[in-house]
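Structure record follows, encoded as structure tokens.
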Amino acid sequence: MSAPERPTVIKALLIGPSSSGKTSLLKRYVDDVFEPDDTTTTIGVDFREKKLTINKKLYRLLLHDTAGQERFRTLTSSYYRGAHGILLVYDISNRDSFLSMPRWFEEAERFAPEGVIKILVGNKTDRTAQRAVKASEGEELAKKHGAIYFTETSAKTRDHAKEPFQKLVDVVLSTPGALDPNRVVARKADVVDVSAQAQTQGGGCAC
18 MSAPERPTVI KALLIGPSSS GKTSLLKRYV DDVFEPDDTT TTIGVDFREK KLTINKKLYR
78 LLLHDTAGQE RFRTLTSSYY RGAHGILLVY DISNRDSFLS MPRWFEEAER FAPEGVIKIL
138 VGNKTDRTAQ RAVKASEGEE LAKKHGAIYF TETSAKTRDH AKEPFQKLVD VVLSTPGALD
198 PNRVVARKAD VVDVSAQAQT QGGGCAC
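In my numbering, the protein residues as written are 18 to 224.
So this is what it looks like as structure tokens:
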């Protein structure tokens, strides 16, 4: 009797400023729930997974929800190792949230493996009356920083909430060599920089 098929792993990260709704978006995708009273801040990295069957083949989508607060960045930078895709999330009702995104793109470029797939997400479209960022600005930013896709979402209303995850998986599976284990290695800056920052800050997480 043959051994059961082992799922192919796809690793993705959600990054972006604090309070951009990364955790809510992740919960909507994985569990299809929204918790309006949940104001808990992610500490370090939260991990979720979703099992997928695509063209009769099994996959494990490993999703890492990273903290947006600066004091956790030395901890979360190591999680870029082996990532196939990154969702960069900002809040469309918070101008400062959007203006911080170039720094997040720079971080992804610095720590993620070469060729990682980047998708830009403008979240919280349910706050239409408070919109502070035009969709056209998001599209322009995505093009400028090499994101292969841009969309706006709402974890609260489900509006396009699953779309960026599905798009990421589709692009990974359609990109030759994207799942090659020899490609998914840490960039040199990952190991070196985390160590340097830890020494500068006295080591460990300032939790």
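Heads up, the beta-carbon is just placed ideally off N, CA and C, and yes, glycines get one too.
Among the residues of its own chain, which have a CB less than 6 Å from the CB of residue i, if the five just before and after it don't count?
i    : result
F122 : H162
Y166 : I136, K184
V47  : R65, K67
K28  : L79, G99, A100, H101
Q218 : Here Q218 scores only 35 on pLDDT, less than 50, and its place in the model is too uncertain to base an answer on.
E22  : L75
Please report the distance separating the alpha-carbon of residue i from that of residue j.
i    : j    : result
G38  : G139 : 10 Å
K173 : V50  : 9 Å
L104 : L30  : 6 Å
S153 : R144 : 17 Å
K141 : D197 : 35 Å
S171 : V186 : 20 Å
T70  : I134 : 21 Å
T40  : S191 : 27 Å
E156 : F115 : 12 Å
A146 : V106 : 20 Å
D82  : K160 : 24 Å
K151 : R175 : 20 Å
E126 : I109 : 23 Å
Among residues of its own chain, excluding the 5 on either side of residue i, which ones have a beta-carbon nearer than 8 Å to its beta-carbon?
i   : result
K68 : P24, L75, Y76, R77, L78
E52 : S41, K44
In chain order, what residues of the same chain lie with their CB nearer than 7 Å to the CB of residue i, ignoring the 5 residues before and after it?
i    : result
T168 : V138, H177, E180, P181
L158 : M118, L137
A195 : H101, V189
V26  : R77, L79
D207 : Only weak support is given to the placement of D207: the predicted model assigns it a pLDDT of 38, under 50, and the value that follows is read from those uncertain coordinates. The answer, listed in chain order, is S94, S95, Y97, R98, F128.
P193 : none
Given a threshold of 16 other Cβ atoms within 10 Å of its Cβ, counted over all protein chains shown, does residue i qualify as buried or as exposed?
i    : result
K73  : exposed
G33  : buried
D113 : exposed
V202 : Note that V202 has pLDDT 48, beneath the 50 cutoff, so the model's placement of it is unreliable and the number below is only indicative. Exposed is the call here.
R120 : exposed
K44  : buried
E124 : buried
Under the assumption that residue i contacts residue j (Cβ atoms under 8 Å), give the Cβ distance between them as a whole number of angstroms.
i    : j    : result
Y97  : F64  : Not quite, the Cβ-Cβ distance comes to about 14 Å (not below 8 Å), so this is no contact.
A149 : N111 : 6 Å
Does the beta-carbon of residue i, which I'm using as the reference point, lie nearer than 8 Å to any heavy atom of the ligand SAM?
i   : result
L75 : You won't find the ligand SAM in this model; it holds no ligand whatsoever.
**Message:** Quick check for students: name the residue ranges of the alpha helix (DSSP H) that lie wholly in the stretch 99 to 162, counting only runs of 4 or more.
**Reply:** The qualifying runs are 112 to 116, 118 to 128, 152 to 161.
**Asked** Counting only runs that start and end within the stretch 26 to 54, where is the alpha helix (DSSP H) found for 4 or more residues in a row?
**Response** Segments of the alpha helix (DSSP H) lying fully in the stretch 26 to 54: 39 to 48.
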